[in-house]
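There are 2 protein chains.
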Amino acid sequence: MSNPKTRDDASVDPRLFLQTVARTMRVLEGFGRKQGPQSLAELAAAAEIDKSAAQRICYTLQTLGYLERDAATGGLRPGLKVLDRTFDFLRMHPLIERAVPVLAELRAMTGQRVDLSLLDDLSIIYAQRLQNRRETFVASLVGRRLPTWCSSGGRAMLASLPDAEVDSILHRSDRRRFTPHTVTDLAAIWDKIRAARRDGFAFTEQEWIMGEMVVAAAVTDAAERPVAAIHIAGSLAEWDARGFQLRMGPPVIEAARSISA
Amino acid sequence: MSNPKTRDDASVDPRLFLQTVARTMRVLEGFGRKQGPQSLAELAAAAEIDKSAAQRICYTLQTLGYLERDAATGGLRPGLKVLDRTFDFLRMHPLIERAVPVLAELRAMTGQRVDLSLLDDLSIIYAQRLQNRRETFVASLVGRRLPTWCSSGGRAMLASLPDAEVDSILHRSDRRRFTPHTVTDLAAIWDKIRAARRDGFAFTEQEWIMGEMVVAAAVTDAAERPVAAIHIAGSLAEWDARGFQLRMGPPVIEAARSISA
DNA sequence: CGCGAGCGTATTGCTATGCGATACGACCGC
DNA sequence: GCGGTCGTATCGCATAGCAATACGCTCGCG
Chain A
22 MSNPKTRDDA SVDPRLFLQT VARTMRVLEG FGRKQGPQSL AELAAAAEID
72 KSAAQRICYT LQTLGYLERD AATGGLRPGL KVLDRTFDFL RMHPLIERAV
122 PVLAELRAMT GQRVDLSLLD DLSIIYAQRL QNRRETFVAS LVGRRLPTWC
172 SSGGRAMLAS LPDAEVDSIL HRSDRRRFTP HTVTDLAAIW DKIRAARRDG
222 FAFTEQEWIM GEMVVAAAVT DAAERPVAAI HIAGSLAEWD ARGFQLRMGP
272 PVIEAARSIS A
Chain B
22 MSNPKTRDDA SVDPRLFLQT VARTMRVLEG FGRKQGPQSL AELAAAAEID
72 KSAAQRICYT LQTLGYLERD AATGGLRPGL KVLDRTFDFL RMHPLIERAV
122 PVLAELRAMT GQRVDLSLLD DLSIIYAQRL QNRRETFVAS LVGRRLPTWC
172 SSGGRAMLAS LPDAEVDSIL HRSDRRRFTP HTVTDLAAIW DKIRAARRDG
222 FAFTEQEWIM GEMVVAAAVT DAAERPVAAI HIAGSLAEWD ARGFQLRMGP
272 PVIEAARSIS A
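Structure follows, in structure tokens:
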């Protein structure tokens, strides 16, 4: 996850870098791996610190509401305060507030599921999701990461990047197969990206979830760099691929354009 | 926000409490107040630390991806990594994963907006939101806080608490008016809570947003304590209050029961 | 046109703060 | 009932973080 926005590890100034802060964040990041509440020892191991340090950090985080004890198991899990930070992130983000009404309108107009994702180098992250009527199985939550190289939004954003950066991302990505339809071949992915450049939107079909297809268009900032993507997802049970692109392509392009800087 | 789960300030053991961690979190909490990216000095002031400390903390958080520089203004705002913590919170929470399919089904069945909120003493926090077709103005995001005393979900959860705790929450709350219909009188609120105990769900009408009414039922844990609430929100333009309660009351009760421990 | 207030950034020596080894009691399963 | 592992508590030491200070920059106001 060596985000270009994130400072490079090599260039960290130890005079300004606070070990305690880094350890604290590593503790909070220890939840990514396993399901269910974690023990103090597990968090210590995940953060690569000893039990004493984990004890002090967890005690403090718990005091502040960023960790909670699970009533059932007695283990630790992220606390409610985390959602306050989520809210701040969404509120302070230059795109989100502008995007929300546009997404809502897009969803009302198309009747499909509409998502907003943000680019973070090798991953995209869902920041908003507006589901459609018949979607009962919503595995995706705010904060979910998907690989840039095989998601529709990711490909749309790649299409707005210079070739060299696309190559860099594709080469650093772990291009494993998620469904039988995932396109993993480099040349084939490049074909898809060129198609997205030509059409103004990317299209993927069952590359992540079977039965699902997605059109997506990139949102760019003032410097014309892609920062986000708008997705429209539909079911193969209701649409054929060609008709879906014809119907959803123009609105998704227009929506993305309208919130670009 | 003195959550009962949060350790009491008085009983903090200074031997285990890390000042640096607390300062770091106070910096991140500095975004709550104002709109738009913050300067280093503003964050320092909000966290009540000097510029040096803020510099070290912000440098570290930025390195780790929890803060970002805003491209336009050069100011600071919460970073993408925040959404990873959101995802962890949602994934690790004992209720959320069980709740999501139930909420989706409820939304499909009723066609209304459906929310899941969590109780945090004087506030409730939205953890999931499934909007309805015609909702174009979605001011509410994940992490949004609403007052417990005047929200439908909050009243439903109050109804599941012993009288003494209800009194405590009501008295510590700032009961200001949000719309002309907000019920601020203590005795009147108690009437509403007793009605919720009788009916199994709470009902509010235009107390937070004009034109909106909400039914909500509490979700309880193994100890029968309220931890969350399911809301169904509808528009006065489409329903009358009585009909809405008759139609939405039973399904919201059933949904809340099905995810209670 | 230039002055100064405010910003972000960089450096330093001091000591309070966080460190990690250690120890204790509780709980569980082999 | 006995190791293993858990969470919790204690303590002296040195290092990690502290606060003061200084520098250059950009605005906005005079």
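These protein sequence lines are chains A and B, in that order.
First residue of the first sequence? That's 22 in the working numbering, and the numbers climb one at a time after it.
First residue of the second sequence? That's 22 in the working numbering, and the numbers climb one at a time after it.
By construction, the Cβ of each residue, glycine as well, lies at the ideal position given by its N, Cα and C atoms.
Cβ-based burial, residue i [other Cβ within 10 Å; buried from 16]
{"i": "E259/A", "result": "exposed"}
{"i": "E89/A", "result": "buried"}
{"i": "L207/B", "result": "exposed"}
{"i": "M22/A", "result": "At M22/A, the pLDDT of 38 sits below 50, so the modelled position is not reliable; the number obtained from the coordinates is stated separately. Per the 10 Å Cβ criterion, exposed."}
{"i": "D183/A", "result": "One detail in the question is off: residue 183/A reads as Pro in this sequence, not Asp. Per the 10 Å Cβ criterion, exposed."}
{"i": "A250/A", "result": "buried"}
{"i": "K26/B", "result": "The pLDDT assigned to K26/B is 41, lower than 50, so where the model puts this residue is not dependable, and the model offers no usable value."}
{"i": "Q152/B", "result": "buried"}
Helix, strand or coil at residue i according to DSSP, with G and I counted as helix
{"i": "Q40/B", "result": "helix"}
{"i": "A244/B", "result": "coil"}
{"i": "H192/A", "result": "helix"}
{"i": "D261/B", "result": "coil"}
{"i": "S181/A", "result": "coil"}
{"i": "E63/B", "result": "helix"}
{"i": "D220/A", "result": "helix"}
{"i": "E226/A", "result": "strand"}
{"i": "M130/B", "result": "helix"}
{"i": "A282/B", "result": "coil"}
{"i": "P99/B", "result": "strand"}
{"i": "Y147/A", "result": "strand"}
{"i": "D91/B", "result": "coil"}
{"i": "G255/B", "result": "strand"}
{"i": "D71/A", "result": "coil"}
{"i": "D141/B", "result": "strand"}
{"i": "R166/B", "result": "strand"}
Beta-carbon proximity of residue i to residue j, cut-off 7 Å
{"i": "T107/A", "j": "G175/B", "result": "no"}
{"i": "M178/B", "j": "L139/B", "result": "no"}
{"i": "I253/B", "j": "M231/B", "result": "no"}
{"i": "P58/A", "j": "T94/A", "result": "yes"}
{"i": "R98/A", "j": "M113/B", "result": "yes"}
{"i": "V248/A", "j": "V240/A", "result": "yes"}
{"i": "S194/A", "j": "W229/A", "result": "no"}
{"i": "I146/A", "j": "R119/A", "result": "no"}
{"i": "A277/A", "j": "A216/A", "result": "no"}
{"i": "L162/B", "j": "A148/B", "result": "no"}
{"i": "S287/B", "j": "V123/B", "result": "Look at the range of chain B in this structure, 22 to 282, and you will see that residue 287/B is not part of it."}
{"i": "V42/A", "j": "T200/B", "result": "no"}
{"i": "A180/A", "j": "I214/A", "result": "yes"}
{"i": "G51/B", "j": "A68/B", "result": "yes"}
{"i": "L361/B", "j": "V135/B", "result": "Here chain B comprises residues numbered 22 to 282, so residue 361/B is not present and cannot be evaluated."}
Proximal residues to residue i (C-beta, below 6 Å), its chain only, five neighbours per side dropped
{"i": "A282/B", "result": "D242, A243"}
{"i": "T81/A", "result": "none"}
{"i": "V187/A", "result": "L179"}
Contacts around residue i, its chain only, beta-carbon distance under 7 Å, and the 5 residues preceding and following it disregarded
{"i": "A66/A", "result": "none"}
{"i": "F222/B", "result": "A177, V236, A237, A238, G270, V273, I274"}
Cβ neighbours of residue i in the same chain (closer than 8 Å, five flanking residues each side left out)
{"i": "T205/B", "result": "C171, R196, R197, R198"}
{"i": "Y87/B", "result": "L49, P99, G100, K102, V103"}
Residue i CB to nearest heavy atom of the ligand NAD below 6 Å
{"i": "L167/B", "result": "As far as ligands go, the structure on display features none, and thus does not contain the ligand NAD."}
Exercise. If contact means a Cβ-Cβ distance below 7 Å, which residues of the segment 125-148 of chain A contact chain B?
Worked result: A125, E126, A129, L139, D141, I146, A148
Problem set entry | Where the segment 215-231 of chain A meets chain B: residues whose CB sits under 9 Å from a CB there | none
Problem set entry | Short-range partners of chain B found in the segment 37-56 of chain A, where Cβ spacing is below 8 Å | L37, F38, L39, T41, V42, A43, T45, M46, L49, E50, F52, G53, Q56
Problem set entry | Residues of the segment 97-110 of chain A with Cβ closer than 7 Å to any Cβ of chain B, in chain order | Cβ contacts with chain B come from R98, P99, L101, V103, L104, D105, R106, T107, F108, D109, F110.
Problem set entry | Positions along the segment 161-180 of chain B whose CB lies within less than 7 Å of some CB in chain A | L162, V163, G164, R165
Problem set entry | Selection of the segment 240-261 of chain A by Cβ proximity to chain B, strictly under 8 Å | Listed in chain order, the positions of the segment 240-261 of chain A with a beta carbon within less than 8 Å of a beta carbon of chain B are D242, A243, A244.
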